[in-house]
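S.K.:
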C-alpha cells in the first residue's frame, strides 16, 4: 500500500545523523573524562603514565598500583553506575509515561536503604572500621549488600504485582512506588531510632552512595547486569516508542503493552537494585539525565536510551572526579555532589521547559 | 471478504455491551459505524482488533481468526487509529514511522523510511515532518495518527473518530485519501463517526448501533428518517444533495 512515491527524506537523514554525532561526541567525552579521572586524585599521575599503564607498556609500580587497584575500578564503577541508573530512569519514564519515573521516586532506593539498615541492626553487619584509604567499611558488607538488594527487589516485585492486579496502568505503578517509598523511609527511621551510635553511623554511612566501594569482582557483576539489561532495553526501543504513543495505539501496533511495561519495570529495577546495593544511594542521575537528553535529542527511545546511558556515565564520572578534588585530600562521596547538582539542574530544566 | 463477524458478544463486568453483532466488509468497502454516545461503537472496533476479548462469536480477517493470531500478526493485517492521541517529544516523521513497527525487527530499512515519506507527501504534511508532535494542534496530531495506521499497510483499517478534531478542509482531505486507499489497494475500512452527513458522503455502508446490537445496515442512499429517529430518538428530514443524503433535524 504505497501511498505516494516516497524517497529517502534528506532532512530526516540529516536530523538522524545529528543525533548519532551527539552520542559519538558523548562517547569521546567519556573516554577523555575517564583518562582524566584516572590521572586525578590525592596523587596526580601524568596522562602519559596513565596511558602507558593501561596499555601495559611499563610505568612505575606505584602508578600501576594506583591505576589498576584504585582509580580504574572507581572510574569504571562510575561509568557503569551512571549508565545503568540513567538508562533505567529513561526506561521507567518512558513506560510509565511520567517524567518523575526514577528509582528514587518509585521507592526502590528507599527499600535498599531500609535493607541496609535492617542488615546493620538485625543481621549485625554494621560494625565499622576505617580503611587505610580513609573510607569507612562495614565488617560484613556482603550481608548488607544482599539485604539491600533483597529489599529493593521485594519493592519492585510488589509494585509490579500491584500493577498487574490493576492492569499495569502507569499511575498504579507510580502511586504504589510512592507509597512503598514512604513505608520504607518510615521503617528506616524506626530502625535508626533504636540503633546504637555505631549502628546508626553504619546505616547513615551506607546511604552515602560512593563508587569507590566496588572491587573488581563486584564491578564485573555490576557491569554484566547493566550491560545485559541495556541490551534488553535496546532490543525493545520500538516497543517503548509505541507505549509512549499511548496504550491503545501501542496495542494496535502489535505491542503487548502489559508485558513490556512489567518486564521493563522489573529489569530497570534489577539494574538499580544491583547498583544501589553495592554502591549506596546515588540520587538524581536516573531522574535528571533522561530529561537533559530529551531536551537535546528528543524522546525517540532509539536515541534517548543510548544517549542517556552515555550522559549518565559522563555525569557520574565527572561528579566523582570533582568530589575527589573539592575537599582534597578528603574524599567526598559522589552522591552528595549529585544531589547538590541534581536539584538545581532539574529546576533549570523545568523552568526552561515551560511554554515549550 | 476481508472482515467477517458472526454472533459477536462483549460484556464488561458482567454487563452486556454488544450482542449478536454480525456483518461483513468486502474488499474496497468503507463502512461507517454510527449511533448515539455510549452505544458501543469504539468497543466494537477494539473487539475487532483484539484489544478487547469478545465473550463469544467469530471475528475473521481474510479467513483467519483474529484471537488466534499473534499480536504482531494482527497488526500486520489491521491498522488502528485510536480516538485519543498522546503527544511527546518526537517528530511527526518518527511518530508515523512507528506504524512500521509490525514490519520492523531491529531497525528501520530504507523501504520503511520511503513508505513513511510517501504517506507524509500524500497527506501534504511535508512542512510538519520534523516538527515535534507536542507542538502540534489536535487536527495535525490526528493526521499523524491516520498516517501511522496507513503505513502499517494493513488489509483492514479501523478508525475511531478519525476526523473529530479536523477542520472541514482537513476532514475532506483525510476521508478522500482513506476512500482512495481503500479502493485502489482493495483493502477495507471501518470507522466510527458522529457526523452523519460526512458518513453518508464517504461510506459505502452504514451500520447503525442501538442498545448494543446492529439496528440497521444500509447503503447511504437507503437511509430513512425512521432509522435516524429509531437510533437517535430525534425526528429528522432527509434531503438529497448531489445524490447524497443530508440529515436536517426537525
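Residue numbers (this note's numbering), protein chains in the order written: chain A, 38 to 393; chain B, 16 to 265.
C-beta: ideal position from N, C-alpha, C; glycine also.
1. Under 6 Å Cβ to Cβ from residue 116/A, same chain only, skipping five residues before and after it: list those, please.
2. Applying the criterion that 16 or more other CB atoms from any shown protein chain within 10 Å of the CB defines a buried residue, is residue 236/B buried or exposed?
3. For residue 121/A and chain B, any beta-carbon pair shorter than 7 Å?
4. Anything in the segment 18 to 36 of chain B with a Cβ closer than 7 Å to a Cβ of chain A? List those residues in chain order, please.
5. My output table needs one value for residue 54/A: the three-state DSSP class, helix, strand or coil.
6. Between the C-alpha atoms of residue 393/A and residue 368/A, what's the straight-line distance to the nearest angstrom?
7. Evaluate residue 385/A with the Cβ neighbour count: other Cβ atoms within 10 Å of its Cβ, from every protein chain shown; 16 or more gives buried, anything less gives exposed.
8. If I measure Cβ to Cβ from residue 207/B and keep anything under 7 Å in the same chain, skipping five residues before and after, which residues do I get?
9. Rank 125/B, 158/B, 52/B, 241/B by C-alpha distance to the C-alpha of residue 137/B and give the top, closest one.
10. Please name the residue, chosen from 109/A, 311/A, 269/A, 231/A, that lies closest to residue 140/A on a Cα-to-Cα basis.
11. In angstroms, rounded to a whole number, what distance separates the CA positions of residue 168/A and residue 96/A?
12. Count the other CB atoms within 10 Å of the CB of residue 173/B; is the residue buried (16 or more) or exposed (fewer)?
13. In terms of residue numbering, what span does the beta strand (DSSP E) encompassing residue 39/B cover?
14. Can you tell me whether DSSP reads residue 288/A as helix, strand or coil?
15. Round the Cβ separation of residue 269/A and residue 132/A to the nearest angstrom and send it over; I've been treating them as touching at under 8 Å.
16. In chain A, which residues lie with their C-beta within 8 Å of the C-beta of residue 74/B?
17. Taking CB distances under 7 Å as the criterion, tell me whether residue 278/A reaches chain B.
18. Going by DSSP in three states, residue 245/A sits in which element: helix, strand or coil?
19. Taking Cβ positions only, does residue 285/A come closer than 7 Å to chain B?
20. Excluding the five sequence neighbours on either side, which residues of its own chain have a C-beta within less than 7 Å of the C-beta of residue 170/A, listed in chain order?
21. DSSP puts residue 95/B in a beta bridge; with which residues?
22. Chain B partners of residue 288/A, CB-CB under 7 Å?
23. Roughly how far, in whole angstroms, is the beta-carbon of residue 189/A from the beta-carbon of residue 318/A, given that I think they are within contact range, below 8 Å?
24. Give a yes or no on whether the C-beta atoms belonging to residue 86/B and residue 293/A are separated by under 7 Å.
25. What does the alpha-carbon distance come out to for the pair residue 297/A and residue 328/A?
26. Using a Cβ-Cβ distance cut-off of 7 Å, determine whether residue 107/B contacts chain A.
27. When you compare the CB of residue 207/B with every CB in chain A, is at least one pair closer than 7 Å?
28. Check residue 104/B in the structure and name its three-state DSSP category.
29. Buried or exposed: where does residue 235/A fall if 16 or more other Cβ atoms within 10 Å of its Cβ makes it buried?
30. Given a threshold of 16 other Cβ atoms within 10 Å of its Cβ, counted over all protein chains shown, does residue 255/A qualify as buried or as exposed?
31. On the premise that residue 77/A lies in contact with residue 362/A, defined as a C-beta separation below 8 Å, what is that separation, rounded to the nearest angstrom?
32. Of all the CB atoms in chain B, is at least one closer than 7 Å to the CB of residue 52/A?
33. Locate the beta strand (DSSP E) running through residue 231/B, then write down its first and last residues.
34. Exposed or buried, residue 223/B, counting other C-beta atoms within 10 Å across all chains shown (16 or more means buried)?
35. Less than 8 Å between C-beta atoms, sequence neighbours within five positions excluded: which residues of the same chain meet that for residue 261/B?
36. Just how far apart, CA to CA, sit residue 324/A and residue 184/A?
M.R.: In this structure, then:
1. Taken in chain order, the residues that qualify are 350, 354.
2. exposed
3. no
4. Listed in sequence order: no entries.
5. helix
6. Unreliable placement is indicated for residue 393/A, whose pLDDT of 39 sits below 50; the coordinate value is still reported in the next sentence. Whole-angstrom Cα-Cα distance: 41 Å.
7. Under this definition residue 385/A is an exposed residue.
8. 48, 56, 57, 60, 175, 176
9. Between residue 137/B and the set 125/B, 158/B, 52/B, 241/B, the nearest pair of CA atoms involves 158/B.
10. 311/A
11. With a pLDDT of 48 at residue 168/A, under the threshold of 50, the modelled position of this residue cannot be trusted; read the value that follows with caution. Rounded to whole angstroms, residue 168/A to residue 96/A spans 27 Å at the Cα level.
12. Its Cβ being crowded by 16 or more others within 10 Å, residue 173/B is buried.
13. According to the DSSP assignment, residue 39/B belongs to the beta strand (DSSP E) that extends over 30 to 40.
14. helix
15. With a Cβ gap of about 13 Å, residue 269/A and residue 132/A do not count as contacting.
16. By Cβ distance, chain A contributes nothing, its closest Cβ being about 15 Å from residue 74/B, past 8 Å.
17. yes
18. coil
19. yes
20. Bear in mind that a pLDDT of 45 at residue 170/A, under 50, signals an unreliable position, so the number given afterwards is only what the model happens to contain. The answer is none, since no qualifying residue turns up.
21. 173/B
22. 66
23. About 10 Å separates the two Cβ atoms, so there is no contact after all.
24. Result yes, Cβ atoms of residue 86/B and residue 293/A sit closer than 7 Å.
25. 22 Å
26. Contact with chain A is absent for residue 107/B, since none of that chain's Cβ atoms lies less than 7 Å from the residue's Cβ.
27. no
28. coil
29. exposed
30. buried
31. 7 Å
32. yes
33. 228 to 233
34. Its Cβ being crowded by 16 or more others within 10 Å, residue 223/B is buried.
35. 212, 215, 253, 254, 255
36. 24 Å
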